[in-house]
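Q: Quick one: this structure, given as structure tokens, is what I'll be asking you about.
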Amino acid sequence: MHTHVIQRFVESHALPSGYADDAERWFVPLVDELVAAFARSESIGASPFVVGINGCQGSGKSTASELLESLLSARGLVVARLSIDDFYLSRQQRLTLASTMHPLLATRGVPGTHDITLALATLAALTDTKHSDGIPLPRFDKATDNPLPRAEWPVLVSRQDRPAADIVLFEGWCVGVTPQSASELTSTCNSLEREYDSDGRWRGFVNEQLAGDYQTLFSQLDNLLFLEAPTFDCVSIWRNKQERRLRENYKTPKDKARQDDDAKATQSLHSVKQATALMSEAQIARFIQHFERLTRHCLLLLPSIADTVFELDTNQRIVGRR
294 MHTHVIQRFV ESHALPSGYA DDAERWFVPL VDELVAAFAR SESIGASPFV
344 VGINGCQGSG KSTASELLES LLSARGLVVA RLSIDDFYLS RQQRLTLAST
394 MHPLLATRGV PGTHDITLAL ATLAALTDTK HSDGIPLPRF DKATDNPLPR
444 AEWPVLVSRQ DRPAADIVLF EGWCVGVTPQ SASELTSTCN SLEREYDSDG
494 RWRGFVNEQL AGDYQTLFSQ LDNLLFLEAP TFDCVSIWRN KQERRLRENY
544 KTPKDKARQD DDAKATQSLH SVKQATALMS EAQIARFIQH FERLTRHCLL
594 LLPSIADTVF ELDTNQRIVG RR
């Protein structure tokens with residue numbers, strides 16, 4: 294059964310054929326383990342089972358999360374898929390942070406730019422056996438740099454006397470990581486920090502946020518998967534590759550001929566909005582520097598913390614597990 298699920302997934306996501314081989318070799322055994330872990334958790338009344346997925350930008354964590362959702366759903370489990378990206382503060386909220394705390398906080402991404410209160414409330418609702426209404430799953434629109442209107446969030450149907458989800462998949466570039474020590478914050482790690490955070494105020498604030506409610510959120514993970522990049526240098530290469538793919542997709546929208554006039558107009562508007570969010574290589578290089586400190590921290594720390602580590606090569610293929 295899983296072979297057909299994987300094949301449909303690869304085709305619908307236009308993934309290279311090698312992805313199917315990787316899914317069979319690495320993800321199917323992981324799904325077997327997660328299903329068994331869920332069964333043990335459910336037997337003691339501790340469902341849903343919360344799985345964190347961490348990986349740097351471009352590592353394929355979102356695709357991995359979607360694949361796991363497909364495979365677990367095919368096994369008869371109800372899955373709620375969340376991303377820490379969907380809990381970003383609005384642009385106006387971040388601009389307020391930028392004016393009151395530090396200008397670099399206008400850029401979404403680092404701890405302190407998420408609505409952790411909403412994330413905790415969402416997880417609590419997914420765990421509640423008495424939740425009678427459907428559970429909205431927040432979504433963020435990167436094209437507008439704002440959360441989608443609540444009316445557009447997907448809703449997970451509640452179930453009587455049991456949590457709405459059996460398994461929660463929660464992915465993100467900083468999911469599961471712990472704060473740095475004070476000594477690790479003393480020196481800058483790149484030109485962005487040297488130019489705009491020479492006094493350490495920004496990185497200190499980010500670390501303080503990470504040490505607070507983020508740890509409360511991450512403490513709810515029952516299992517952590519880490520997609521381990523070979524080096525930090527891969528982030529820039531993968532992120533540029535991702536951006537080129539997005540740009541190509543917006544030049545040639547799929548099924549264009551079959552869309553009616555209204556749908557064409559909607560698609561065109563969405564494509565224009567997304568295209569304005571695409572970045573040049575220089576912009577990507579600068580953007581990545583916001584994430585460099587904690588990404589390097591993840592690469593050092595998470596291999597010893599994660600329950601499962603998938604080792605990636607420079608082409609984003611899984612080459613090992615530990």
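If you read the sequence shown in our numbering, its first letter stands for residue 294, the second for the next number, and so on.
The beta carbon of each residue, even a glycine, is placed where N, CA and C say it ideally should be.
1. Of all the alpha helix (DSSP H) runs that stay within the bounds of the region 372 to 433, which reach a length of 4 or more residues?
2. Do residue 400 and residue 590 have their C-beta atoms closer together than 9 Å?
3. By DSSP's criteria, residue 601 is part of a beta bridge. Which residues make up the other side?
4. Near residue 313, what residues of its chain come up, given a Cβ to Cβ distance below 6 Å and the 5 sequence neighbours on each side ignored?
5. To which residues of the same chain is residue 595 closer than 7 Å at the C-beta, ignoring the five residues directly before and after it?
6. Just the C-alpha distance for residue 427 and residue 451, rounded to the nearest angstrom, thanks.
7. Output the boundary residues of the alpha helix (DSSP H) element that contains residue 343.
8. CB-CB under 8 Å to residue 497, same chain, minus the five flanking residues each way: which ones, in chain order?
9. Within this structure, are the beta carbons of residue 372 and residue 515 separated by less than 9 Å?
10. Could you check if residue 423 is buried or exposed, using at least 16 other CB atoms within 10 Å of its CB as the buried criterion?
11. What's the gap between the Cα of residue 353 and the Cα of residue 311?
12. Have a look at residue 350 and residue 421 and give me their C-alpha separation to the nearest angstrom.
13. So for residue 450, helix, strand or coil by DSSP?
14. Roughly how many angstroms lie between the CA atoms of residue 485 and residue 577, to the nearest whole one?
A: With the structure as the only source:
1. 384 to 393 and 409 to 420
2. One-based indexing of the sequence shown puts residue 400 at position 107. One-based indexing of the sequence shown puts residue 590 at position 297. No, Cβ-Cβ distance for residue 400 and residue 590 is not below 9 Å.
3. Counting from 1 along the sequence shown, the entry for residue 601 is found at position 308. Answer by DSSP bridge pairing, in chain order: 518.
4. Against the sequence shown, residue 313 aligns to sequence position 20. Contacts found: 299 and 303.
5. For the purposes of this step, residue 595 is identified with residue 302 of the sequence shown, where counting begins at 1. Cβ neighbours of residue 595 beyond the five flanking positions: 347, 469, 470 and 519.
6. Indexing the sequence shown from 1 puts residue 427 at position 134. Indexing the sequence shown from 1 puts residue 451 at position 158. Each residue's Cα considered, the two are about 5 Å apart.
7. For the purposes of this step, residue 343 is taken as the residue at position 50 of the sequence shown. Note, residue 343: premise wrong, no alpha helix (DSSP H); beta strand (DSSP E) at 342 to 348.
8. Here residue 497 refers to the residue found at position 204 when the sequence shown is read from its first residue. So the list reads 478, once near-sequence residues are dropped.
9. Translated into the one-based positions of the sequence shown, residue 372 becomes position 79. Translated into the one-based positions of the sequence shown, residue 515 becomes position 222. Not a contact, by the Cβ cut-off of 9 Å.
10. Counted from its first residue, the sequence shown places residue 423 at position 130. Exposed is the call here.
11. Residue numbering aside, residue 353 sits at position 60 when the sequence shown is read from its first letter. Residue numbering aside, residue 311 sits at position 18 when the sequence shown is read from its first letter. Looking at the two C-alpha atoms, the distance is approximately 14 Å.
12. On the sequence shown, residue 350 is found 57 positions in, with the first residue counted as 1. On the sequence shown, residue 421 is found 128 positions in, with the first residue counted as 1. Each residue's alpha carbon lies about 32 Å from the other.
13. Counted from its first residue, the sequence shown places residue 450 at position 157. Residue state, collapsed to three classes: coil.
14. Along the sequence shown, read from residue 1 onward, the residue named residue 485 stands at position 192. Along the sequence shown, read from residue 1 onward, the residue named residue 577 stands at position 284. Between residue 485 and residue 577, the C-alpha separation is close to 13 Å.
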